[in-house]
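Student: All residue numbers for the sequence shown refer to the numbering used here, where the first residue is 1 and numbers rise by one.
Heads up, the beta-carbon is just placed ideally off N, CA and C, and yes, glycines get one too.
Note that the coordinates shown come from a computational prediction; the quantities given were computed from them, not determined experimentally.
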Amino acid sequence: MSTQGHMYPSVVSGLLDRSTAWQMLKSDPSQLDFNGPSDVIEELIRLKGVVQGLPRVTTADVELRGVTIPAGSSVNLWYLSGNHDSDRFDDADEFRVRGISRHLSFGFGTHSCIGQSLVRLVIKCLLGQLVSRFSWLESVPGQDTNWGELGSYYTPSTLLIVAHV
Ligand code: HEM
Numbered sequence: 001m002s003t004q005g006h007m008y009p010s011v012v013s014g015l016l017d018r019s020t021a022w023q024m025l026k027s028d029p030s031q032l033d034f035n036g037p038s039d040v041i042e043e044l045i046r047l048k049g050v051v052q053g054l055p056r057v058t059t060a061d062v063e064l065r066g067v068t069i070p071a072g073s074s075v076n077l078w079y080l081s082g083n084h085d086s087d088r089f090d091d092a093d094e095f096r097v098r099g100i101s102r103h104l105s106f107g108f109g110t111h112s113c114i115g116q117s118l119v120r121l122v123i124k125c126l127l128g129q130l131v132s133r134f135s136w137l138e139s140v141p142g143q144d145t146n147w148g149e150l151g152s153y154y155t156p157s158t159l160l161i162v163a164h165v
């Protein structure tokens, strides 16, 4: 499955059981406007990012919290960990309206994801259809809710939902 195939169920998992995100999208359709930024969508992408991390080789000595990582070191950048960093985000594991916050779900810097605008657009299309067709989405209890192992995509292995009209 592609990164996108992992991302969409992951984002939908943030809308279940009358979540705050679901209620905000219902009450404020401007959050799904194709032309503008959306703090609800961005917060869902922060919380539900699926790329756990990627490897890099340092090109210079880097000092991080008192530790020097020498040039030429192999390091792994844990994007999801950064997205849940409590030094950066209050109540980091919770959905909050934060304005457009800087997150790492599409990486960072020169090599950040070139498909991210397309992904935001598709998420808005998908969620727009869901909020316009259904009154709420209910999670199905008892299903296998394992999320990705370390090194794979962080996404629900299955996501069974009941959509109420
Ligand atoms: C939900 C779907 C997607 C997610 C979560 C995602 C995430 C990412 C991440 C985390 C990176 C690494 C950035 C870094 O190294 O700092 C990346 C790179 C990249 N993505 Fe995506 N991506 C998605 C969809 C797409 C799509 C649809 C396209 C193309 C249309 C795309 C094209 C690329 C390319 C070409 C790079 C490499 C950029 C570079 O090395 O300069 N991605 N993506």
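Any idea if Ile100 is buried or exposed, counting beta-carbon neighbours within 10 angstroms, 16 or more meaning buried?
Tutor: Along the sequence shown, read from residue 1 onward, the residue named residue 100 stands at position 100. Answer is exposed; the Cβ neighbour count stays below 16.
Student: At what residues does the beta strand (DSSP E) containing Val67 begin and finish?
Tutor: For this step, residue 67 is matched to residue 67 along the sequence shown. Run containing Val67: 67-69, per the beta strand (DSSP E) assignment.
Student: Quick check: does the Cβ of Val50 come within less than 7 Å of any heavy atom belonging to the ligand HEM?
Tutor: The residue you call residue 50 lines up with position 50 of the sequence shown. It does: the Cβ of Val50 is within 7 Å (strictly closer) of some heavy atom of the ligand HEM.
Student: Quick one: is Gln31 buried, meaning 16 or more other Cβ sit within 10 Å of its Cβ, or exposed?
Tutor: As a working note, residue 31 is residue 31 in the sequence shown. Looking at its Cβ environment, which holds 16 or more other Cβ atoms inside 10 Å, Gln31 is buried.
Student: How is Val122 classed by DSSP in three states: helix, strand or coil?
Tutor: By 1-based counting over the sequence shown, the position of residue 122 is 122. Correct three-state label for Val122: helix.
Student: Under 6 Å Cβ to Cβ from Ser157, same chain only, skipping five residues before and after it: list those, please.
Tutor: To locate residue 157, count along the sequence shown from 1; it is residue 157. Result list for Ser157: Asp144, Asn146, in chain order.
Student: Could you check the C-alpha separation between Pro9 and Gln52 for me, to the nearest Å?
Tutor: Indexing the sequence shown from 1 puts residue 9 at position 9. Indexing the sequence shown from 1 puts residue 52 at position 52. Their backbone Cα atoms lie some 16 Å apart in a straight line.
Student: According to DSSP, what are the bridge partners of Ala163?
Tutor: In the sequence shown, counting from the first residue as 1, residue 163 sits at position 163. Answer is Leu137.
Student: If you check the beta carbons only, do Phe95 and Thr20 fall under 8 Å apart?
Tutor: For the purposes of this step, residue 95 is taken as the residue at position 95 of the sequence shown. For the purposes of this step, residue 20 is taken as the residue at position 20 of the sequence shown. Yes, these two residues count as a Cβ contact at 8 Å.
Student: Identify whether Asn146 lies in helix, strand or coil by the three-state DSSP scheme.
Tutor: Here residue 146 refers to the residue found at position 146 of the sequence shown. Note: Asn146 maps to coil in three-state DSSP.
Student: Among the candidates Arg18, Arg120, Leu77, whose CA atom is the shortest distance from the CA of Gly36?
Tutor: What you label residue 36 is simply residue 36 of the sequence shown in a count that begins at 1. Of Arg18, Arg120, Leu77, the residue nearest in Cα terms is Arg120.
Student: Based on DSSP bridge pairs, tell me the residues matched to Leu77.
Tutor: What you label residue 77 is simply residue 77 of the sequence shown in a count that begins at 1. Paired residues: Leu54.
Student: Roughly how many angstroms lie between the CA atoms of His111 and Leu137, to the nearest whole one?
Tutor: What you label residue 111 is simply residue 111 of the sequence shown in a count that begins at 1. What you label residue 137 is simply residue 137 of the sequence shown in a count that begins at 1. Each residue's alpha carbon lies about 36 Å from the other.
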